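Student: Residues 19 to 261 (the numbering used here) are what the sequence shown spells out, left to right.
Glycine included, every Cβ here is placed at the ideal spot set by N, Cα and C.
Predicted model, so just to flag it, every value in this text is computed and none were measured.
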Amino acid sequence: MKRRQQGIALAELLVAAAIAALVMAALGGVLASVRQTDSVLSERAVLQRDARLALARIAAMVEGSTHLMVPLEITTGAGSVLAIALPPTLDRNGDGFADADNDHNGIADDDLPADETRDGAAGIKGIDDDGDGTADNGSGITDNDENGTLGSVPVAPKTGADWIDPVVYRVSAGQLLERLPNINPTSGADYIERPIADNVSAFSVTRIATGNRRTREVQVQLTLSGPGGETGTWTRRLRLGVR
Ligand SMILES: [Ca+2]
Ligand SMILES: [Ca+2]
Ligand SMILES: [Ca+2]
Ligand SMILES: [Ca+2]
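As structure tokens, then:
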């Protein structure tokens, strides 16, 4: 009797162990699938956060600026570069002078040289202003829109001690870069570029036609694609000079 009870106990134990193994296997599958869902969700959330931060950064600059540089006035299609003049009130080092006021006379960008960005290059140095596929081409350093003809200088040069200080957004090697002039720059070629977003698969900028209204608007579209396969596109329409 005792031996028989032990035999049953062993059989029950084996069955219980088998059931437990099945339950564990099923549970493992559920957990793996939950984890997978979680990683997809969190990649999407990360991309969304990164896109919003980058676009908020761009919006602050564009809405504070009063001068849309690239895309050029004549441009209608989408380009891959956004350039605006540094907001005229921005004072990053808090010295009481706007960073854009290079000659510290209290007025930003009031005494432009013929090379209005004073960077020794046609248009903005290193940038394909007119979107023809070549950077800094044109008829010389005073060809400020790279269109091959001179005479587009908006203000006759006086001493040229205060140039236009571009803020540029462009993509390189999957990163969205923000280019800012250094503090107290010696020329328009004195700047630094920093990444403001990773996983960038597309960045497009379109100048919105505003007719003969004085407002300037751009549509900025950013597409991020994460290593896990998630992708998303975020768009903002921005108007200059509203901050
Ligand atoms: Ca300036
Ligand atoms: Ca000035
Ligand atoms: Ca230039
Ligand atoms: Ca060009």
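Figure out for me which residue from P245, Y209, E211 has the closest Cα to the Cα of V218.
Tutor: In the sequence shown, residue 218 corresponds to position 200, counting from 1. Nearest option by C-alpha distance: P245.
Student: Rounding to the nearest angstrom, what Cα-Cα distance links M19 and G47 in this structure?
Tutor: Here residue 19 refers to the residue found at position 1 of the sequence shown. Here residue 47 refers to the residue found at position 29 of the sequence shown. Only weak support is given to the placement of M19: the predicted model assigns it a pLDDT of 48, under 50, and the question is left unresolved by the model.
Student: Based on DSSP bridge pairs, tell me the residues matched to G151.
Tutor: If you number the sequence shown from 1, residue 151 lands on position 133. G151 pairs with nothing; no bridge assigned.
Student: Within 6 Å: the Cβ of D133 and any heavy atom of ligand 3?
Tutor: Residue 133 sits at position 115 when you count from the first residue of the sequence shown. Yes - ligand 3 has a heavy atom lying nearer than 6 Å to the Cβ of D133.
Student: R225: which of E248, D183, R255 sits nearest, CA to CA?
Tutor: Against the sequence shown, residue 225 aligns to sequence position 207. Residue R255 is the option with its Cα nearest to R225.
Student: Report the option in T241, N162, N120 whose CA atom is closest to the CA atom of L90.
Tutor: In the sequence shown, the residue the question calls residue 90 occupies position 72. Ranking T241, N162, N120 by Cα distance to L90 puts N162 first.
Student: Any residue with its C-beta under 5 Å from a non-hydrogen atom of ligand 4 counts. Can you list them all in chain order?
Tutor: Any residue whose Cβ sits closer than 5 Å to a heavy atom of ligand 4 makes the list: D146, D148, D150, T152, N155, E164.
Student: Would the stretch 64-73 count as touching the stretch 136-155 if we require 3 or more Cβ pairs under 8 Å?
Tutor: Because the criterion of three Cβ pairs below 8 Å is not met, the stretch 64-73 and the stretch 136-155 do not touch.
Student: Relative to the C-alpha of L104, which candidate in V88, T152, E248, V41 has its C-alpha closest?
Tutor: For the purposes of this step, residue 104 is identified with residue 86 of the sequence shown, where counting begins at 1. Measuring from the Cα of L104, the nearest candidate turns out to be V88.
Student: For L86 versus I76, is the C-beta spacing smaller than 7 Å?
Tutor: Indexing the sequence shown from 1 puts residue 86 at position 68. Indexing the sequence shown from 1 puts residue 76 at position 58. No, these two residues do not count as a Cβ contact at 7 Å.
Student: Does any heavy atom of ligand 1 sit closer than 6 Å to the C-beta of D129?
Tutor: Translated into positions along the sequence shown, residue 129 becomes position 111. No, the beta carbon of D129 sits no closer than 6 Å to any heavy atom of ligand 1.
Student: So, does the stretch 174-183 touch the stretch 121-139, judging by three or more C-beta pairs under 8 Å?
Tutor: Yes, the stretch 174-183 is in contact with the stretch 121-139.
Student: Check whether the Cβ of N202 lies closer than 6 Å to any heavy atom of ligand 2, and answer yes or no.
Tutor: In the sequence shown, the residue the question calls residue 202 occupies position 184. Incorrect: N202 has no Cβ contact closer than 6 Å to ligand 2.
Student: Does the distance from the C-beta atom of F221 to that of L240 stay below 7 Å?
Tutor: The residue you call residue 221 lines up with position 203 of the sequence shown. The residue you call residue 240 lines up with position 222 of the sequence shown. Contact flag set, yes.
Student: Measure the C-alpha to C-alpha separation of K143 and S51 and round it to an integer number of angstroms.
Tutor: Counting from one through the sequence shown, the residue named residue 143 turns up at place 125. Counting from one through the sequence shown, the residue named residue 51 turns up at place 33. For K143 and S51, the distance between alpha carbons rounds to 51 Å.
Student: What span of residues does the beta strand (DSSP E) with G250 cover, start to end?
Tutor: For this step, residue 250 is matched to residue 232 along the sequence shown. 249-257 is the span of the beta strand (DSSP E), which, as asked, contains G250.
Student: My output table needs one value for I142: the three-state DSSP class, helix, strand or coil.
Tutor: Looking up residue 142 in the sequence shown gives position 124. Residue state, collapsed to three classes: coil.
Student: How should L65 be labelled, buried or exposed, when 16 other C-beta atoms within 10 angstroms of its C-beta is the threshold for buried?
Tutor: Numbered from its first residue, the sequence shown carries residue 65 at position 47. When all chains shown are included, L65 counts as buried.
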